[in-house]
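FYI, the numbering for the sequence shown is 342 to 643, going by my numbering.
For glycine and all other residues, C-beta sits at the position ideal for the given N, C-alpha and C.
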Amino acid sequence: MDLHEALGRILSRPPLKDEPMSLHTSMKIGGPADFLVYPQNVEELRQVLLLAAQNDIPLFVLGNGTNLLVRDGGIRGIVLSLADMCSSYVFFNHSVRAGAALSLSKLGWEAAKRGLSGLEFTTGIPGSLGGALYMNAGAYGSSISELVREVSTIDFHGHYLVRTRGELEFSYRWSNFQEEKVIILECVLELIPGDKNTIMQRVNSIREERARKHPIYPSAGSVFRNPPGKPAGFLIEQSGCKGMEEGDAQVSYQHGNFIINRGNATAVNVLTLIDKIKQKVRDNFHLELEPEIRIIGENGGE
Ligand SMILES: Cc1cc2nc3c(=O)[nH]c(=O)nc-3n(C[C@H](O)[C@H](O)[C@H](O)COP(=O)(O)OP(=O)(O)OC[C@H]3O[C@@H](n4cnc5c(N)ncnc54)[C@H](O)[C@@H]3O)c2cc1C
342 MDLHEALGRI LSRPPLKDEP MSLHTSMKIG GPADFLVYPQ NVEELRQVLL LAAQNDIPLF
402 VLGNGTNLLV RDGGIRGIVL SLADMCSSYV FFNHSVRAGA ALSLSKLGWE AAKRGLSGLE
462 FTTGIPGSLG GALYMNAGAY GSSISELVRE VSTIDFHGHY LVRTRGELEF SYRWSNFQEE
522 KVIILECVLE LIPGDKNTIM QRVNSIREER ARKHPIYPSA GSVFRNPPGK PAGFLIEQSG
582 CKGMEEGDAQ VSYQHGNFII NRGNATAVNV LTLIDKIKQK VRDNFHLELE PEIRIIGENG
642 GE
């Protein structure tokens, strides 16, 4: 079967072949995906899922690519983006029904404008709503799971499912979706009515703090999960890792838990740096750091 031709028959937007993932990740790193596709509606999506299932083709769901390290050999199979079909939202009562491809911080801003509290922590998180649910994104003591009322998914065989909060599991940077082969399509979040000025002040102070703390170079946010008790950034800094380099990858001077790409860093550079940081923290604190970023794809590339 010619996969390019088969995808071309299903999709109204032509599939991208051998598409560099460096163009679709906030780290600006990653080899080519065999195919990157943008279904325009659920029917096109379902047909891509069926084609992949019938032919044993691996699938990867891409959000905004802000928590990803894609290896230099790229991704085999089909990378799916919902960017053309799941970006709408509607507020009702004190809730919002929103598509998975919607920008998380845009949603937070829209809620703040309406005097609805709960999403202030999302200010400046560059991910999509789907990625945030998958990762249970959080900051400043809050996380997205606290607001979830229901989530709709479609599995890799094309079955649609709506689950309420009680049927879902979340913990620190973890959700049940990480153990399932599903695509998050949309969700309903329950927000808290509040004073618009107070909410806006909180949004603005978080924006200013992030502008101060976050490096301007490409990154994927925090590289490591915080072990219980101490932030990973503190452990990394105390272990003398700030400024450590491997090719164009560098441990940020501004934030110890960020690895930045100063130009032409490769995934191998970042992975080598990750190993070196882990070793230093192990030596100094007898602690094993675990990556928070998702490391995917194949070794290789130039
Ligand atoms: C500067 C910066 C600051 C950040 N700050 C924070 C922070 O404060 N807190 C925080 O938690 N994170 C932070 N992040 C990390 C990142 O933005 C979040 O984890 C975000 O939720 C990831 O969303 P995404 O759409 O980019 O997902 P991606 O990186 O594209 O994907 C992440 C995972 O989610 C899966 N996924 C994405 N969409 C779907 C979907 N619709 N259905 C099924 N699976 C899906 C992907 O397959 C992948 O496994 C930061 C990143 C950057 C670059």
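{"Asked": "If you check the beta carbons only, do Asp473 and Ile540 fall under 7 angstroms apart?", "Found": "Note that residue 473 corresponds to Ala in the displayed sequence, not to Asp. The answer is no: Cβ separation not under 7 angstroms."}
{"Asked": "At the level of alpha carbons, what is the spacing between Gly456 and Gly535?", "Found": "6 angstroms"}
{"Asked": "Answer with buried or exposed for Phe433, where buried requires no fewer than 16 other C-beta atoms within 10 angstroms of its C-beta.", "Found": "exposed"}
{"Asked": "To the nearest angstrom, how far is it from the Cα of Arg635 to the Cα of Leu410?", "Found": "6 angstroms"}
{"Asked": "Could you please give the first and the last residue of the uninterrupted alpha helix (DSSP H) stretch that includes Asn434?", "Found": "That residue, Asn434, is in no alpha helix (DSSP H); it is neither H nor E in DSSP."}
{"Asked": "Quick check on this structure: which residue in Ser446, Ala394, Glu521, Gly507 has the alpha carbon closest to the alpha carbon of Thr494?", "Found": "Glu521"}
{"Asked": "Quick one: is Leu502 buried, meaning 16 or more other Cβ sit within 10 Å of its Cβ, or exposed?", "Found": "exposed"}
{"Asked": "Sort out for me which residues DSSP pairs Lys358 with in a bridge.", "Found": "Phe376"}
{"Asked": "Would you mind giving the Cβ-Cβ distance between Ile601 and Pro572, rounded to the nearest angstrom? I have them listed as a contact below 8 angstroms.", "Found": "Ile601 to Pro572, Cβ: 18 angstroms. No contact."}
{"Asked": "Return helix, strand or coil for Gln713, following the three-state DSSP convention.", "Found": "Since the displayed the chain opens at 342 and closes at 643, residue 713 lies outside it and no answer follows."}
{"Asked": "What number of angstroms, rounded off, separates the C-alpha of Ala606 from the C-alpha of Pro361?", "Found": "14 angstroms"}
{"Asked": "Can you find a heavy atom of ligand 1 that lies under 6 angstroms from the Cβ of Tyr475?", "Found": "yes"}
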